[in-house]
Amino acid sequence: MLYGAMKLSVGSSLKLVFRPWVEGLENIPESGPAILASNHLSFSDSFFLPAILDRKITFIAKSEYFTSPGVKGRLTAAFFKGVGQLPVDRSGVRGAAEAAIRSGLDVLERGELFGIYPEGTRSPDGRLYRGKPGGLPRLALLSGAPVIPLAMIDTEKIQPPGQVVPKVMRPGIRIGRPLDFSRYQGMDGDRFIQRSVTDEVMYEIMRLSGQEYVDEYATAAKRRIADAEKAAKAESSQRAEDAERAARSVTADGAADTAPAPRGGEHAAGAAGRREDGERRAA
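Residue numbers (the numbering used here): 1 to 283.
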């Protein structure tokens, strides 16, 4: 009931304001389980997709969204529950993966739609990164549900990181044809099969989205980018310190050069005068 209310309010508002376009909506089955595998460009991806679907779709979200304290925390938890998100504790990598699979299987066993981002996190630069094996292929092979690849288009331009007010523009959603992996049934534990299934799905997402593909995990790319930014910041700080020290050194040298020199002529004249006075007194 809460999902329906949120879809009516939030979904209708999103469609009215942003007017998202969609292609391939006929590829979503009217009933029965299916896994919707999408690229991940923006925080808003999990809101625009439910807005255009007639059926309920469930995603997983980190448990912190559901356990934050205070009024804001309770409102956030209610919002995420309302838009079909399930909490998953991501504190342990293996435990988080197993929890996500269990949650996904529960949804699929009820004959519903389950959404997943094979990249595992948002793209740091708008490119499509290597899909993570494990969650997606295991869900597909254990449940027997078809995998429907889809592409979110331009959602990262609506609210880039650091931008508070969203930009009003039309994002898009391109939905591909269902992929059947029943030929691999019973082989969900085979790592080579997991990689094969994941790569096939990622290829379709790349084809639908038109994104440049990067054969690297997005999480690794984010760490690399963060390390590079940290190193650049440290280098910039070091350059500033070196420049400040150099400026202080130049100032000190200049002060030494402009200090008044001892007036030797005056000293000599004074000494001569004192000698003459002494001679006169002696005479």
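Glycine included, every Cβ here is placed at the ideal spot set by N, Cα and C.
Quick caveat, the model's predicted, so the values are computed rather than measured.
- Nearest Cα to residue 142 within the set 24, 16, 33, 8: 33.
- The Cβ-Cβ distance between residue 139 and residue 176 does not fall below 9 Å.
- The three-state reading of DSSP puts residue 201 in helix, counting H, G and I together.
- Inside the segment 215-258, DSSP marks whole alpha helix (DSSP H) runs of 4 or more residues at positions 218-258, from first to last along the chain.
- If one requires a minimum length of 3 residues, the beta strand (DSSP E) runs lying completely within the segment 39-83 are 57-62, in chain order.
- The C-alpha of residue 97 is placed about 12 Å away from the C-alpha of residue 87.
- Take the alpha-carbon of residue 23 and the one of residue 217: they are about 28 Å apart.
- Residue environment for residue 225: exposed (fewer than 16 other C-beta atoms within 10 angstroms of its C-beta).
- Secondary structure of residue 151 (DSSP, three-state): strand.
- Assignment of residue 34 by DSSP, reduced to helix, strand and coil, places it in the strand class.
- If you draw a straight line from the Cα of residue 81 to the Cα of residue 2, it is about 8 Å long.
- No Cβ-Cβ contact shorter than 9 Å links residue 174 with residue 136.
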